[in-house]
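So the structure is just underneath, and the comments pick up after that.
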Amino acid sequence: ATVGVVGLGYVGLPLAVEKAKAGFTVIGFDVQEEKVGMVNDGKNYIGDVIQEDLEVLVASEKLKATSDYTFIRDVDAVAICVPTPLDVYKQPNMQYVESSAKAIAKYITPGTLIVLESTTYPGTTEELIKPILEATGLVIGEDIFLAYSPERVDPGNKDFNTKNTPKVVGGVTKGCTNVAAAMYRAVLDGEVHEVSSPAVAEMEKILENTFRNINIALANEMAILCNKMGIDVWEVIDAAATKPYGFMPFYPGPGLGGHCIPIDPWYLTWKAREYNYHTKLIETAGEINDSMPDFVVQRCSEILNEQKKAMNGSKILVLGVAYKRDIDDYRESPVLPILDRLTKFGAEWEVSDPYITEFRFNGEMVGTVVLTEEKLKEADLVVIATNHSGFDYELIKATAKAIFDTRNSYENANEESVYFKL
Ligand code: SAJ
Numbered sequence: 173a174t175v176g177v178v179g180l181g182y183v184g185l186p187l188a189v190e191k192a193k194a195g196f197t198v199i200g201f202d203v204q205e206e207k208v209g210m211v212n213d214g215k216n217y218i219g220d221v222i223q224e225d226l227e228v229l230v231a232s233e234k235l236k237a238t239s240d241y242t243f244i245r246d247v248d249a250v251a252i253c254v255p256t257p258l259d260v261y262k263q264p265n266m267q268y269v270e271s272s273a274k275a276i277a278k279y280i281t282p283g284t285l286i287v288l289e290s291t292t293y294p295g296t297t298e299e300l301i302k303p304i305l306e307a308t309g310l311v312i313g314e315d316i317f318l319a320y321s322p323e324r325v326d327p328g329n330k331d332f333n334t335k336n337t338p339k340v341v342g343g344v345t346k347g348c349t350n351v352a353a354a355m356y357r358a359v360l361d362g363e364v365h366e367v368s369s370p371a372v373a374e375m376e377k378i379l380e381n382t383f384r385n386i387n388i389a390l391a392n393e394m395a396i397l398c399n400k401m402g403i404d405v406w407e408v409i410d411a412a413a414t415k416p417y418g419f420m421p422f423y424p425g426p427g428l429g430g431h432c433i434p435i436d437p438w439y440l441t442w443k444a445r446e447y448n449y450h451t452k453l454i455e456t457a458g459e460i461n462d463s464m465p466d467f468v469v470q471r472c473s474e475i476l477n478e479q480k481k482a483m484n485g486s487k488i489l490v491l492g493v494a495y496k497r498d499i500d501d502y503r504e505s506p507v508l509p510i511l512d513r514l515t516k517f518g519a520e521w522e523v524s525d526p527y528i529t530e531f532r533f534n535g536e537m538v539g540t541v542v543l544t545e546e547k548l549k550e551a552d553l554v555v556i557a558t559n560h561s562g563f564d565y566e567l568i569k570a571t572a573k574a575i576f577d578t579r580n581s582y583e584n585a586n587e588e589s590v591y592f593k594l
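Going letter by letter, the sequence shown gives residues 173 to 594 in this note's numbering.
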């Protein structure tokens with residue numbers, strides 16, 4: 173059978189590879205010619221995909237990419253894995269989902285299964301996708317099949333990947349659920365958990381990520397309060413984590429990054445307004461998480477002040493711009509607002525990140541620097557923003573004049589003359 177994957181990003185490309193490895197002939201669709209070209213050249217660009225797998229699958233013609241949607245005619249099933257970002261007013265931007273659905277509807281043939289995987293507000297599949305597909309005259313549940321199945325990808329996770337992570341599936345009809353579940357069971361090893369509607373599947377994904385968002389906000393609020401009270405929040409969390417039931421540790425940080433956790437809860441907030449409901453907890457958590465860059469810069473100012481240095485004119489070396497450790501992605505990284513505030517205070521900053529050679533900051537590309545003893549010596553303050561495992565933490569502690577560690581990189585080390593932490 174031939175299956176399609178629309179959107180060849182950190183969700184779509186691993187899924188396309190798994191489907192090809194399971195024996196399907198896979199056509200990957202992407203509007204970015206650059207991605208299409210790299211896939212067809214067997215050049216991997218997603219950390220969680222194994223380069224070797226991609227080469228072999230492309231060479232054996234089990235996997236190919238295209239930007240020509242007429243190939244939808246050839247597929248028996250297609251998964252939509254396109255971005256669902258927010259706009260500046262934290263409003264859902266559904267343009268990629270909508271344009272993909274319309275492109276699929278144009279060339280779809282009877283018998284085809286369509287599954288939306290992008291994280292979105294509950295109701296998207298029934299209210300947005302279904303009418304676009306029904307406009308073709310094909311009947312959902314008879315001629316074609318429509319379901320929602322949220323992606324669960326934890327970039328960089330060595331234990332859980334596309335193949336072994338349990339999958340939730342909700343079809344517009346029972347028949348749609350069965351067809352979708354059968355397709356995933358043919359590809360994945362993990363449990364395929366069937367639910368009664370797309371809305372249940374859409375809502376459970378939002379619950380997963382909102383759960384993380386608000387618990388990280390709680391950890392951040394504890395960090396702010398513990399700092400005021402002179403209590404080590406990291407020690408507190410580790411002690412709480414000794415509770416073997418009913419507790420799960422989350423840790424404070426410089427803010428909330430990535431294209432999921434800071435974004436997804438706002439899809440629910442937006443939809444809830446339609447029902448005249450105000451998601452107070454989500455909004456409060458968002459305010460706390462969004463306040464962390466300010467808190468970090470305020471702490472930097474305090475630490476410099478103790479050395480009788482003004483922020484203005486101080487040299488600050490920021491370690492890490494990726495939104496979490498050991499990945500090369502800086503989307504929504506909280507380091508960007510931190511750098512923005514440091515700039516406003518007149519600090520001279522540089523960033524060192526082994527995974528990122530340059531990043532877009534205030535509309536221009538900024539290069540990162542290699543972490544050297546000289547760079548550490550030059551700096552009035554070193555901020556550990558992302559605790560990449562590749563940093564030389566002993567060198568940092570032995571050399572830096574002052575360190576502000578936002579990630580507990582030294583495992584509950586006590587604060588001392590040069591070392592401060594969130
Ligand atoms: N963070 C904290 N404290 C924590 C955990 C995370 O400050 O205790 C921060 C991280 O530094 C990062 C952000 O939150 O900036 C998001 O971290 P994350 O661990 O949720 O990583 P993501 O967004 O790359 O992947 C998540 C998945 N991760 C985990 O479940 C561990 C999962 O939430 C989703 O499957 C996935 O997003 C998605 O695509 O929805």
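Don't be surprised by glycine CBs; every beta carbon is placed ideally from N, CA and C.
### Task
Thinking Gly425 and Arg579 are a contact (beta carbons under 8 angstroms), I'd like their distance in whole angstroms, please.
With a beta-carbon spacing of about 6 angstroms, Gly425 and Arg579 fall inside the 8 angstroms limit used to define contacts.
### Task
Have a look at Ser561, Leu594, Asn350, Glu224 and flag the residue whose alpha-carbon is nearest the alpha-carbon of Ile494.
Note on residue identity: the sequence assigns Ala, not Ile, to residue 494. Selected option, being the one with the closest Cα: Ser561.
### Query
Within the present structure, is the beta-carbon of Tyr279 separated from the nearest heavy atom of ligand 1 by less than 6 angstroms?
no
### Message
Considering Cα atoms alone, identify which of Ser486, Ala557, Glu536 is closest to Ala551.
### Response
Ser486
### Ile433: CB within 6 angstroms of a non-hydrogen atom of ligand 1
yes
### Query
Would you say Val325 touches ligand 1, meaning its beta carbon is less than 6 angstroms from a heavy atom?
yes
### Message
Per the DSSP calculation, Asp315 is bridged to which residue(s)?
### Response
DSSP, once it has assigned bridges, lists no residue as partnering Asp315.
### Task
Grab me the residues of Trp406's own chain with a C-beta within less than 6 angstroms of its C-beta, minus the 5 sequence neighbours each way, in chain order.
Asn580, Asn584
### For Val359, three-class secondary structure by DSSP
helix
### Query
Is Lys335 near ligand 1, judged by its Cβ being under 6 angstroms from some heavy atom?
No - ligand 1 has no heavy atom lying nearer than 6 angstroms to the Cβ of Lys335.
### Task
Could you check which residue in Gly214, Phe196, Lys346 has the C-alpha nearest to that of Val230?
Nearest to Val230 by alpha-carbon distance, out of Gly214, Phe196, Lys346, is Gly214.
#### Entry: Opposing strand residues paired with Met537 [DSSP bridges]
Arg532
### Task
Could you name each continuous beta strand (DSSP E) segment of 3 residues or more that falls completely within the stretch 435-504, going from the start of the chain to the end?
487-491
### Message
Taking 6 angstroms as the cut-off, is the beta-carbon of Tyr417 closer than that to any non-hydrogen atom of ligand 1?
### Response
no
### Query
Name the DSSP beta bridge partners of Val177, please?
Gly200, Ala251
### Query
Relative to ligand 3, is the shortest distance from any of its heavy atoms to the C-beta of Lys339 smaller than 6 angstroms?
The ligand content of the structure shown is limited to ligand 1, which means ligand 3 is not among them.
#### Entry: With 16 other Cβ atoms within 10 Å as the buried cut-off, status of Arg324
Buried, because 16 or more other Cβ atoms sit within 10 Å of the Cβ of Arg324.
### Message
Taking the straight line between their C-alpha atoms, what separation do you get for Ser505 and His431?
### Response
Taking the straight line joining both Cα atoms gives about 9 angstroms.
### Message
Restricting to runs no shorter than 4 residues, where is the alpha helix (DSSP H) found entirely within the stretch 208-264?
### Response
223-231
### Task
For Ser272, I'd like the list of residues in its chain whose CB is within less than 6 angstroms of its CB, leaving aside the five on either flank, ordered along the chain.
The answer, listed in chain order, is Val178, Ile252, Val254.
### From Cys398, Phe383, Ile409, Ile396, residue whose alpha carbon lies closest to that of Pro434
Selected option, being the one with the closest Cα: Phe383.
### Task
List in chain order: all unbroken beta strand (DSSP E) runs of 3+ residues lying wholly within the stretch 278-308.
285-288
### Query
What is the residue span of the alpha helix (DSSP H) that Val372 lies within?
370-401
#### Entry: Closest residue to Tyr502 among Gly427, Leu300, Asn477, Phe467 (Cα-Cα distance)
Gly427
### Query
Heavy atom of ligand 1 less than 6 angstroms from the Cβ of Arg146, yes or no?
Lying outside 173 to 594, the shown extent of the chain, residue 146 is not represented and no answer is given.
### Query
Among residues of its own chain, excluding the 5 on either side of Pro327, which ones have a beta-carbon nearer than 7 angstroms to its beta-carbon?
Tyr182, Gly219, Asp220, Ile499, Asp501
### Task
Starting from the Cα of Glu587, find the closest Cα among Arg357, Asn399, Val541 and give me that residue.
Asn399
### Query
DSSP state of Leu187, grouped into three classes?
In the displayed model, Leu187 falls within a helix according to three-state DSSP.
### Glu522 beta carbon less than 7 angstroms from that of Val541
yes
### Message
Using a Cβ distance threshold of 8 angstroms, determine whether the stretch 235-244 contacts the stretch 188-200, with at least three qualifying pairs required.
### Response
yes
### Message
Rounding to the nearest angstrom, what Cα-Cα distance links Asp248 and Arg471 in this structure?
### Response
56 angstroms
### Between the CA atoms of Gly539 and Glu530 - distance to the nearest angstrom
4 angstroms
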